[in-house]
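Since the structure comes first, as structure tokens, the remarks are kept for the end.
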Amino acid sequence: MDAILLVGGQGTRLRPLTASTPKPMLPAAGVPFTAHQLARARAAGIDHVVLATSYKAEVFEGYFGDGGAFGLEIEYVHETSPLGTGGGIRNVASRLRGDDVVVLNGDVLDAHDIAAQVAQHRASKAAVTLYLTRVEDPRAFGCVPVDDDGRVLEFREKDPNPVTDLVNAGCYVFRRDVLEGAIPADTVVSVERDTFPALLAGGERLQGYVEEAYWLDLGTPTAFVRGSCDLVMGVVPSPALPGPPGQRLLLAGADVSPEATVDGGTAVGAGAYVGPGARVHGSVLFDGAVVRPNAVVSGSVVGRDAVVGTGTVLDAVVVGDGARIGSGNELLRGARVFPDARIGNGVVRFSSDRTS
Ligand code: GDD
Ligand code: MG
């Protein structure tokens, strides 16, 4: 079975972490997020994956190679300028082999049954079968009302006045002939804004596959941290988790003082250090990150080789790679420290209203 993984987005909302690393390659629970998705795809019977890349494309191939080490055959197709979600799908069509293809957004962490979605797609003979989930606030997603038989009535991307709480959960099964016929080649196309509405207008059958399973779009720092912690704790299972589920995950060479508290699903990267008296809760520490004694870090991401000074408090903060925050600072709620920035001792007491 073929799959397409859409990983060409810029990851704007996750800046500055995505300044050097594409969003899907950020380490979530110790491995690039894409590794979790590929492991799930493989478990669902997918054996051939085409990555539709654009932004920082080389990072993917450098890590996953031909896919052999991951039990998959992986190919890469690069868009020199982004073609959008539909254009990205169409751009890899020549690599597909089967009659149907699973298309995955590259930033969704979920636990739905991909094989059951494929089976439903085949049974209903739909042109496309869309995995749908319910969310409290559908405005940031594709709103997808369905009839009593699950047939899609409309597709309204980022509708400010949603008519249902059912949204596009970012996993489609496409009939290959539909994908090739409905999306023009070498053109910027949004599958959400262009292709789905056009297929519906043309009378094609689009079917919803509704499953209430764990589901999270990792597009914001808050969601990224939540997703990593849920992976570490096994709230959402992943065959790619590099260790047993628990309160914390320590990668090779991580050095956590016995007098530190590290919990809430925190991932501590390779060679990272947490000093005595420090408390790290529900956070992500990238490789080589340093949390000095008595610092308090919660709901935050500390980038590669970044330093959090003694007694410094971080709550819902993103610290870019290589930044150094001195001792006795306090940064709260949505603050972002840019890569390699320098903050001295006791100079910042910052809080903003941003929560994502
Ligand atoms: N190859 C390629 N080229 N991939 C792209 C491009 C592109 O030009 N633009 C975006 N992508 C990839 C992103 O990397 C991401 O994995 C996926 O397509 C979706 O893009 P996002 O930018 O994350 O979209 P979104 O989160 O605002 O909305 C999408 O996902 C929601 C569910 O999480 C839409 O599909 C919504 O309808 C959906 O509800
Ligand atoms: Mg997204």
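Just so you know, we're using the numbering used here here: the sequence shown kicks off at 182 and counts up by one. Just so you know, even glycine gets a beta-carbon here, dropped at the ideal spot from N, CA and C. Quick caveat: nothing in here was measured; it's all calculated off a predicted structure.
- According to the DSSP assignment, tyrosine 244 belongs to the alpha helix (DSSP H) that extends over 239-245.
- Note on geometry: alpha-carbon atoms of tyrosine 257 and aspartate 375 lie some 24 Å from one another.
- The beta carbons of proline 203 and valine 240 sit closer together than 9 Å.
- The beta-carbon distance between serine 479 and histidine 462, rounded to whole angstroms, is 4 Å. This is short enough to meet the 8 Å contact definition.
- For valine 289, the Cβ falls inside the 8 Å cut-off from some heavy atom of the ligand MG.
- Ranked by Cα distance from glycine 362, the options Ile270, Ala487, Gly503, Gly492 are led by Ile270.
- Between valine 284 and phenylalanine 355, the CB-CB gap stays under 9 Å.
- Membership of aspartate 288 in any beta strand (DSSP E) is not indicated, and neither H nor E is assigned to it by DSSP.
- C-alpha of methionine 182 to C-alpha of glycine 525: approximately 54 Å in a straight line.
- Shown here, threonine 199 sits in a helix according to DSSP, grouped into three states.
- Short note on glycine 351: C-beta closer than 8 Å to some heavy atom of the ligand MG.
- For alanine 233, the shortest separation between its Cβ and any heavy atom of the ligand GDD lies below 8 Å.
- In this structure, the straight-line span from the alpha carbon of valine 188 to that of arginine 517 is close to 24 Å.
- Taking C-beta separations shorter than 6 Å and ignoring five residues to either side along the sequence, the partners of arginine 337 in its chain run Cys324, following chain order.
- Distances from the alpha-carbon of arginine 320 to those of Val500, Gln298, Asn349, Ala304 put Asn349 closest.
- Judged by beta-carbon spacing, valine 482 lies beyond the 9 Å limit of leucine 219, meaning their Cβ atoms are not closer than that value.
- Within the DSSP bridge table, the entry for arginine 473 names no partner.
- In the DSSP secondary-structure assignment, glycine 323 is bridged to Glu338.
- The beta carbon of histidine 302 sits closer than 6 Å to those of Thr310, Val354, all from its chain and outside the five residues before and after it, given in chain order.
- Counting the other Cβ atoms within 10 Å of the Cβ of glycine 400 gives 16 or more, which makes it buried.
- Relative to the ligand GDD, the beta carbon of asparagine 286 is positioned inside 8 Å of a heavy atom.
- Annotation for arginine 460: Thr442, Val477 place their beta carbon closer than 6 Å to its own, counting only its chain and skipping 5 residues before and after.
- When Cβ pairs closer than 8 Å are counted between the two stretches, the segment 330-344 is seen not to touch the segment 410-429, the count staying below three.
- For aspartate 411, the enclosing alpha helix (DSSP H) covers residues 402-414.
- Nearest in C-alpha terms to cysteine 352, of all of Val370, Asn342, Val500, Val391, is Val391.
- In the DSSP assignment, glutamate 361 falls within the alpha helix (DSSP H) that extends over 357-363.
- Between aspartate 496 and arginine 485, the C-beta spacing is not below 9 Å.
- Close CB contacts of glycine 450 within its chain, under the 7 Å cut and outside five residues either way in sequence, are with Pro208, Leu432, Ala435, Leu466, Phe467, Asp468, Gly469, Ala470 (chain order).
- With distances taken between CA atoms, glycine 446 lies nearest to Gly211 out of Asp329, Gly211, Met206.
- Rounded to the nearest angstrom, the gap between the Cα atoms of leucine 186 and aspartate 288 is 10 Å.
- Sorting Asp328, Ala200, Phe322, Val359 by C-alpha distance to the C-alpha of asparagine 342 places Phe322 at the top.
- Just so you know, the alpha carbons of leucine 313 and alanine 300 end up roughly 15 Å apart.
- Aspartate 247 is classed as exposed because its beta carbon has fewer than 16 other beta carbons within 10 Å across all chains shown.
- For the ligand GDD, no non-hydrogen atom lies closer than 8 Å to the CB of glutamate 511.
- Distances between the C-beta of leucine 311 and the heavy atoms of the ligand MG are all 8 Å or more.
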